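What follows is a single structure, written as structure tokens, with notes after it.
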């Protein structure tokens, strides 16, 4: 019987010739990522009394949340992570200058099709944009994988999402995902793998695939995969850390638990309303909602393409005086490219406040909101109190909708501006 | 893991995410008591105080969704909860609870039937939960999971089994 991509990856990493949904395997990940939580895994390792790692070259560490340190406690925790990396010879170590772990690891060529990657972050699903199975685990389990090299995993069933047509102007991958999350629900794909297929995928940029596989987490997925193709290979060309490129695909007779179809032509800009991501509405239903803050950032939507979309809308214009517009590039490489092309010049000239690359306001680092304030964010979560006061509210949208709304001071349809 | 877990139920609805259980600003802590002091505080000033004195947390669908923060499970332990029963769990919370040594079970029928303050007893080895006269079956734990819970969590399991 044929296998899906997730089944193939779990079979390979557990040494089995084939696996099927529901089966529990001991899998050996190709990479285990930890971010600012690293010190907690170090703490577990010390409590266990262990001093030997299974394979330091399978460990990646990126200090991205609350970076640079905000308090002495954060500073001490980061120091502990740095010392661990030095003592154990972790070569894939990235300090507070690098940016958001997911984007940094993909840019650096540490993620390839067919890899199994686990890490201390639910949005590890984003590695599926390059055909890798990425999934989140806790810090104790990261320590366990550091020591043993393996973890138990249940083989997930796979849902096939079939995309047809092209986005109309003003509509983006973020809108597609908000539509899907609204339709299927916050637990619509719990414990499942999701594969994106259909004629639209060939045109979807790697950046858009990152947004898709990142946001898929908000449907409860274990992993989400964009089958590797020419775009994937082009992105990874010259990037892959000494490894040769090899694709991976579901077999023609692989079994999918269901197929969900979406016609991209029928989509419009969408907004997730407070305080659950599944609470989505077309932008028209909430247009006019007054905003105090617009956040252009996060692993979902602070890639170069995202910043460039916002800059095209804001070129030569000034944002509304009542709005704080916070721009946090996803990584240093993205920031450098946006500096080089003038995108950052445009964003800051429009009235934006530029911060250093990293998780920023999405992780409660700066941009904290007061009672009664309303934010529109390009991130992936609008949960109660996530960006400050429990009396504040968060809406989520694409970078285009965010930029259009920064101009007007209220939630606005980008199609009326571009 | 105790064979029989008994206690009174506190009940939540659907989609309680891990940002609600423990807001991100407290992730600088890993100690159960420090986390418990701020658990669920976004729900109002009466939290977490009103959760004290309950041993079993019952919740609706998709409990623990969102962030993979392990402290969501640790905070519940700090509050004195001995087990969580939900209609369904997000996968990250499910793993984190087991790894933190917090027994959990999926049982939508029980969650539907119980109210706050009801007494419940859970026997995960036998795979059953009792409330009043009613008995509900729950799936037995896979061997790998049972061994971790019996060691009080993954750190305890590693300490017992890992050879440096």
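Residue numbers (the numbering used here), protein chains in the order written: chain Y, 108 to 525; chain U, 3 to 166. All C-beta atoms, glycine included, are put in the ideal place defined by N, C-alpha and C. Bear in mind that the values here come from a model prediction, so they are computed numbers and not experimental data.
- Under a criterion of Cβ atoms nearer than 7 angstroms, the residues of chain U adjacent to residue 383 of chain Y are, in order, 17.
- Taking the Cα positions, residue 485 of chain Y is about 9 angstroms away from residue 502 of chain Y.
- Across the structure, residue 216 of chain Y and residue 9 of chain U are spaced so that their CA atoms are roughly 51 angstroms apart.
- Considering only beta carbons, the part of the segment 25-38 of chain U lying closer than 7 angstroms to chain Y consists of 25, 26, 27, 30 and 32, in chain order.
- Apart from sequence neighbours up to five positions away, the residues of its chain that approach residue 211 of chain Y with a beta-carbon distance below 7 angstroms are 169, 201, 205 and 438, ordered along the chain.
- By the Cβ-count criterion, residue 25 of chain U is buried, with 16 or more other Cβ atoms from all chains shown falling within 10 Å of its own Cβ.
- Chain Y has no Cβ within less than 7 angstroms of the Cβ of residue 109 of chain U.
- For residue 368 of chain Y, the uninterrupted beta strand (DSSP E) segment begins and ends at 365-370.
- Under the Cβ criterion (8 angstroms, minimum of three pairs), the segment 492-507 of chain Y counts as touching the segment 470-479 of chain Y.
- Buried is the label assigned to residue 277 of chain Y, since at least 16 other Cβ atoms lie within 10 Å of its Cβ.
- Counted as a single uninterrupted DSSP element, the beta strand (DSSP E) harbouring residue 261 of chain Y occupies residues 258-261.
- Of Y:443, Y:456 and Y:449, the smallest CA-CA separation from residue 463 of chain Y is found for Y:443.
- Within chain U, no C-beta atom comes nearer than 7 angstroms to that of residue 269 of chain Y; the closest sits roughly 24 angstroms away.
- If you draw a straight line from the Cα of residue 128 of chain Y to the Cα of residue 243 of chain Y, it is about 19 angstroms long.
- Neighbourhood of residue 162 of chain Y in chain U, by CB distance below 9 angstroms: empty, with the nearest CB roughly 15 angstroms away.
- Against chain Y, a Cβ distance below 8 angstroms from residue 21 of chain U picks out 488, 490, 491, 492 and 493.
- Each residue's CA atom was taken as its position, placing residue 425 of chain Y and residue 400 of chain Y some 15 angstroms apart.
- The three-state secondary structure of residue 448 of chain Y, taken from DSSP, is helix.
- The residues 101 and 150, in chain order, have a CB closer than 7 angstroms to that of residue 156 of chain U in the same chain once the five nearest residues on each side in sequence are set aside.
- Going by C-alpha positions, residue 165 of chain U is about 40 angstroms away from residue 17 of chain U.
- The Cβ of residue 156 of chain U sits closer than 7 angstroms to at least one Cβ of chain Y.
- In the three-state reduction of the DSSP assignment, residue 304 of chain Y falls in the strand class, which pools E and B.
- Listed in chain order, the positions of the segment 352-369 of chain Y with a beta carbon within less than 9 angstroms of a beta carbon of chain U would be empty, since no residue qualifies.
- With contacts defined as CB atoms closer than 7 angstroms, residue 187 of chain Y and residue 149 of chain Y qualify as a contacting pair.
- Counting of Cβ neighbours within 10 angstroms places residue 472 of chain Y among the buried residues, the total reaching 16 or more.
- As computed with DSSP, residue 138 of chain Y is found in a beta bridge with Y:224.
- Rounded to the nearest whole angstrom, the C-alpha separation of residue 28 of chain U and residue 361 of chain Y is 44 angstroms.
- Bridge partners of residue 50 of chain U according to DSSP: none are assigned.
- Exclusion of the five residues before and after residue 299 of chain Y leaves 263, 264, 265, 266, 327, 328, 329 and 364 as the residues of its chain whose Cβ lies within less than 8 angstroms of its Cβ.
- With its beta carbon at least 7 angstroms from every one in chain Y, residue 138 of chain U lies outside the interface.
- Short of 7 angstroms from the beta carbon of residue 395 of chain Y, and not among the five residues preceding or following it, lie these beta carbons of its own chain, in chain order: 517 and 518.
- For residue 44 of chain U, the residues of chain Y that pass the 8 angstroms Cβ criterion are 491, 492 and 497, in the order they occur in the chain.
- Taking each of Y:398, Y:111 and Y:403 in turn and checking the Cα distance to residue 240 of chain Y, the smallest one comes out for Y:111.
- Straight through space, the alpha carbons of residue 235 of chain Y and residue 414 of chain Y are spaced by roughly 22 angstroms.
- For residue 406 of chain Y, no beta strand (DSSP E) segment is defined; the enclosing uninterrupted segment is the alpha helix (DSSP H) at 405-408.
- Think of a sphere of 8 angstroms around the beta carbon of residue 77 of chain U: no beta carbon from chain Y falls inside it, the nearest being about 13 angstroms out.
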